[in-house]
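The numbering of the sequence shown is numbering that gives the first Met the number 0, which starts it at 0 and goes up by one.
For each residue, glycine too, the CB sits at the ideal point set by N, CA and C.
This structure is a prediction, so every number in the text was calculated from the model and none was measured.
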Amino acid sequence: MTLDPSRLGPMANAIRALSMDAVQAANSGHPGMPMGMADVATVLFSQFLKFDPAAPHWPDRDRFVLSAGHGSMLIYSLLHLTGYARPTMDDIRNFRQLHSVCAGHPENFELAGIECTTGPLGQGLAMAVGMAMAERHLNAGFGDSLVDHNIWVVAGDGCLMEGINHEAIGLAGHLKLGRLNVLWDDNRITIDGDTDLSTSEDIPARYRATGWHVAECDGHDFADIARALSEAAADPRPSLVACRTIIGKGAPNKQGGHNVHGAPLGADEIAAAREYLGWTSAPFEVPADILSDWRSLGAKGASARAEWEARFAGNANAREFSRRMAGVLPQQLPAFDAYLSAIAESQPKVATRKASESALEALTVDIQEMVGGSADLTGSNNTKTKATTPFGADTYGGRYVYYGIREFGMAAAMNGMALHGGVIPYGGTFLVFSDYCRNAIRMSAIQKQRVIYVLTHDSIGLGEDGPTHQPVEHVMSLRAIPDLLVFRPADALETAECWALSLKEAKRPSVLALTRQNLPALRSDLENKSARGAYRLKAADAPRKVVLLATGSEVALAIDTAMVLEAQGIGADVVSMPCWELFDEQDAAYRADLLPADALKVSVEAGITLGWQKYVGDGLTIGLDRFGASAPAEQLFEYFGFTADAIVKKITAKL
């Protein structure tokens, strides 16, 4: 494909026409960005992007991320025009309608060619940082013959304003991720109006200051766009290309203004745009010669893919590469199996954050695709192992990322790694700081990605740091996120079980909420009982009147409480409940057996009590419906009533 504007211009106008027609038909959407970026996207797809619509999951394809996801008709138009199986033209006609694959914002599980779900501004770009990290890491292990591709991002002013952008570009610049290229839709418009209403920063200077290469171009001059993209592709640093564009380009009476950002153009303006662009086709129709130009790009991609497949067929590491990219775990985990046997026998009394580290020492030996990290809390989260050497600009083969104080950026980057494939990411911070990265955790669940969050210092048990660092509502708030597994293990064995379950969940993210304080061993058997979410740890000796439900550090307290009750002739079961979500997936008979109707049910967890009522009914909820305090952990548990005697008094009064 040449830069002949006589061909590229009509190709770009096809994007504009489909975008304005789809938004008009839906009476909802954002026509301005796809119309404004149509010229840039045409140059990118025709001259730079490596892709094959016939093999959308080809591992060495370039990744294209529409971070400005509100302009979703840009990518839907591109996928259709270049020959992906979907969206069909009927799909585009049904833009933003119920069950349409052309959702309001691009969703990775709806269409091949959508690399990640975007919409929350800034996160697409931040996920692209993770994709670029995964590309360099896999390249270090498998070489240029199997892994040699770029990540291209279209981002808007909003993506560059969001706080996560600062975290993401700082990390990318530090790591010198030269395969990452961000095309900034520099239209100087936000929903409220011109950008000078809310910002006056020198964005290119900010990017340069973080170690990025910056180029600029006229976003409506095909030759100038190609020049800037060539510079970006060639530079060893991550690149920002400031594409000066006119939002809604082609709508003669509305282009350049904020009213074209997030509303249909209207029938009169669409008619005027057709005349302005010289577009004579009916809505949702693309002339055959223009469509042929777009579809010819697929043939170029097929050739590149065939060359890669030939290299793949002769590569000694092809099978291992395929296993990792498919997300399949190794069949045998000898180091981890040996570790399980050892702790079942030794019964260590350790903090679950330390037990997690011990489990990881074995798992990172057995599972080479695990890439860990921490948001500047390595020594507290215990996420680094002997097998995970640092990942850096000179050591892309390393498997441990020092993310710095960038919790949100870390979580989004891990999403990008998982979406790229070939890497199983895990990363740590304090549980209380999950608030900083909550939306990225939510995005892990929406995108069905195996991302593991190691969240330590899980309660008032962290002690002297006080209420700002003591999570009380966080475990429950994370349980509120659909399709997220929240594990709060009670001892070293449960911690190992929860790690095993997190890794086996190929399409769900997990949280491991772990203690700072030491916890006694409670079991010695090697059946993974945590897999059912909850299980009877202790059966009543006397006739059962009470069932104690507990998680994490409070399971041992529940055992102590049961012993006091038994001494009074009150039979008490103790149920350890490391994962609500897995328990809720068990059959009714199993759940009824653990939670019998004829017993007083009592929950014990050092956090808010909201939510426990679904298990205990009108029973008792022992928890902490207030913020903590600064003191040693032992004093805090006593002060807030987390002692066997205090709980027994409440139970006997209730009985």
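Output the boundary residues of the alpha helix (DSSP H) element that contains Trp498.
-> Stepping through the sequence shown from its first residue, residue 498 is reached at position 499. Per DSSP, the unbroken alpha helix (DSSP H) holding Trp498 starts and ends at Ala491 to Lys503.
Quick one: Cα of Val22 to Cα of Ala214, how far?
-> Walking along the sequence shown from the start, residue 22 turns up at place 23. Walking along the sequence shown from the start, residue 214 turns up at place 215. Rounded to whole angstroms, Val22 to Ala214 spans 32 Å at the Cα level.
When the Cα atoms are used, what is the spatial distance from Arg294 to Ala167?
-> Reading the sequence shown from its first residue, position 295 is the one you call residue 294. Reading the sequence shown from its first residue, position 168 is the one you call residue 167. Distance between the alpha carbons of Arg294 and Ala167: 35 Å.
Where does Arg522 sit, in a helix, a strand or coil, going by DSSP?
-> By 1-based counting over the sequence shown, the position of residue 522 is 523. Coil.
Leu2 by DSSP, collapsed to three states: which one?
-> Here residue 2 is taken as the residue at index 3 of the sequence shown, counted from 1. Any reading at Leu2 must be qualified, since the residue scores a pLDDT of 44, below 50, and its modelled position is unreliable; no value is offered.
Below 8 Å CB to CB, which residues in the same chain sit around Ile650 once its five sequence neighbours on both sides are set aside?
-> Start at 1 with the first residue of the sequence shown, and residue 650 comes out as number 651. Result list for Ile650: Val545, Thr560, Leu564, Ile569, Leu599, Val601 and Leu619, in chain order.
Taking Phe320 and Asp365 to be in contact with their CB atoms under 8 Å, please state how far apart those CB atoms are, rounded to whole angstroms.
-> Position 321 of the sequence shown holds residue 320. Position 366 of the sequence shown holds residue 365. About 18 Å separates the two Cβ atoms, so there is no contact after all.
Going by beta carbon distance, what residues of the same chain come within less than 7 Å of Asn252, once the five residues before and after it are set aside?
-> For the purposes of this step, residue 252 is taken as the residue at position 253 of the sequence shown. Contacts found: Glu268 and Ala271.
Identified DSSP bridge partners for Thr455 | Along the sequence shown, read from residue 1 onward, the residue named residue 455 stands at position 456. For Thr455, the pairing in a beta bridge is given by DSSP as Phe429 and Leu513.
Per DSSP, what kind of secondary structure is Asp158 in: helix, strand or coil?
-> As a first step, residue 158 must be located in the sequence shown, where it is residue number 159. According to the sequence displayed, residue 158 carries Cys and not Asp. Three-state DSSP puts Cys158 in a helix.
Residues of its chain near Leu2, where Cβ-Cβ distance is below 7 Å and the 5 sequence neighbours each way are ignored = On the sequence shown, residue 2 is found 3 positions in, with the first residue counted as 1. Residue placement at Leu2 is flagged as unreliable, the pLDDT there being 44, under the threshold of 50; the coordinate-derived value follows with that caveat. Closer than 7 Å at the Cβ level, and outside the excluded window around Leu2, lie Phe221, Ala222 and Ala225.
Inside the region 211-277 only - alpha helix (DSSP H) runs reaching at least 4 residues = 221-233 and 266-276
Closer than 6 Å by C-beta to Phe47: which residues in its own chain qualify, once you throw out the five before and the five after it? Chain order, please.
-> Taking the first residue of the sequence shown as position 1, residue 47 is located at position 48. Contacts found: Leu228.
My understanding is that Ala596 touches Met576, with C-beta atoms under 8 Å, so please give their C-beta distance in whole angstroms.
-> As a first step, residue 596 is located in the sequence shown; it is residue number 597 there, counting from the start. As a first step, residue 576 is located in the sequence shown; it is residue number 577 there, counting from the start. Between Met576 and Ala596 the Cβ distance is about 18 Å, and since that is not below 8 Å, they are no contact.
Ends of the alpha helix (DSSP H) at Trp293?
-> Position 294 of the sequence shown, counted from the start, is the residue given in the question as residue 293. Taken as a continuous stretch (DSSP letters only), the alpha helix (DSSP H) holding Trp293 covers Ala287 to Ala312.
Could you tell me the distance, in whole angstroms, from the CA atom of Ala505 to the CA atom of Gln448?
-> Locating residue 505 in the sequence shown gives position 506, counting from the first residue. Locating residue 448 in the sequence shown gives position 449, counting from the first residue. Taking the straight line joining both Cα atoms gives about 7 Å.
To the nearest whole angstrom, what separates the beta carbons of Asp156 and Thr194, a pair I think is in contact under 8 Å?
-> Along the sequence shown, read from residue 1 onward, the residue named residue 156 stands at position 157. Along the sequence shown, read from residue 1 onward, the residue named residue 194 stands at position 195. 6 Å between Cβ atoms; contact.
Based on the DSSP output, what are the partners of Lys537 in its beta bridges?
-> If you number the sequence shown from 1, residue 537 lands on position 538. Answer by DSSP bridge pairing, in chain order: Val573.
Indicate whether Val100 and Glu109 have their beta-carbon atoms separated by less than 8 Å.
-> Sequence index remark: in the sequence shown, residue 100 carries index 101 (1-based). Sequence index remark: in the sequence shown, residue 109 carries index 110 (1-based). Cβ distance < 8 Å, so Val100 and Glu109 count as in contact.
Could you give the DSSP three-state label for Ile650: helix, strand or coil?
-> Numbered from its first residue, the sequence shown carries residue 650 at position 651. If DSSP states are grouped into helix, strand and coil, Ile650 belongs with the helices.
Per DSSP, cross-strand counterpart(s) of Leu548 = Numbered from its first residue, the sequence shown carries residue 548 at position 549. For Leu548, which the question treats as bridged, DSSP gives the partners Val574 and Ser602.
Near Ser373, what residues of its chain come up, given a Cβ to Cβ distance below 6 Å and the 5 sequence neighbours on each side ignored?
-> Position 374 of the sequence shown holds residue 373. Only residues of its own chain outside the window of five on either side were considered, and among them Asn380, Thr382 and Gly427 have a CB closer than 6 Å to the CB of Ser373, listed in chain order.
Nearest CA to the CA of Arg515: which residue from Glu472, Glu633 and Gly415?
-> Residue mapping note: residue 515 aligns to position 516 of the sequence shown, counting from 1. Residue Glu633 is the option with its Cα nearest to Arg515.
His260 burial status per 10 Å Cβ neighbour count (16 or more: buried) | To locate residue 260, count along the sequence shown from 1; it is residue 261. Buried, since its Cβ has 16 or more Cβ neighbours within 10 Å.
Classification of Ile459 by the beta-carbon crowding that lies within 10 angstroms, buried from 16 upward = Along the sequence shown, read from residue 1 onward, the residue named residue 459 stands at position 460. So Ile459 ends up on the buried side.
Three-state class that DSSP yields for Asp393 in the structure shown | Numbered from 1 along the sequence shown, position 394 holds the residue referred to as residue 393. If DSSP states are grouped into helix, strand and coil, Asp393 belongs with coil.
Excluding sequence positions up to five away, which residues of its chain have a Cβ less than 6 Å from the Cβ of Gln446?
-> Taking the first residue of the sequence shown as position 1, residue 446 is located at position 447. Asn107 and Thr116, listed in sequence order.
So, do the region 125-137 and the region 76-88 have three or more beta carbon pairs nearer to each other than 8 Å?
-> no
Express the C-alpha separation of Pro263 and Tyr402 in angstroms, rounding to a whole number.
-> Taking the sequence shown and counting its residues from 1, the one referred to as residue 402 is at position 403. Taking the sequence shown and counting its residues from 1, the one referred to as residue 263 is at position 264. Tyr402 and Pro263: Cα-Cα distance of roughly 41 Å.
Shortest alpha-carbon distance to Ile289 belongs to which of Cys578, Leu635 and Gly8?
-> Taking the sequence shown and counting its residues from 1, one reaches residue 289 at position 290. For the residues Cys578, Leu635 and Gly8, the minimum Cα distance to Ile289 belongs to Gly8.
For Asn656, which of helix, strand or coil comes out of DSSP?
-> Given that the chain is displayed from residue 0 to residue 654, the structure contains no residue 656 and the question cannot be resolved.
Does DSSP classify Met36 as helix, strand or coil?
-> Your numbering for residue 36 matches position 37 in the sequence shown. Coil.
Cα separation between Pro424 and Asp524?
-> The residue labelled residue 424 in the question sits at position 425 within the sequence shown. The residue labelled residue 524 in the question sits at position 525 within the sequence shown. Straight-line Cα distance between these residues: approximately 29 Å.
Cys497 versus Phe486 - alpha carbon distance = As a first step, residue 497 must be located in the sequence shown, where it is residue number 498. As a first step, residue 486 must be located in the sequence shown, where it is residue number 487. Computed Cα separation, rounded: 7 Å.
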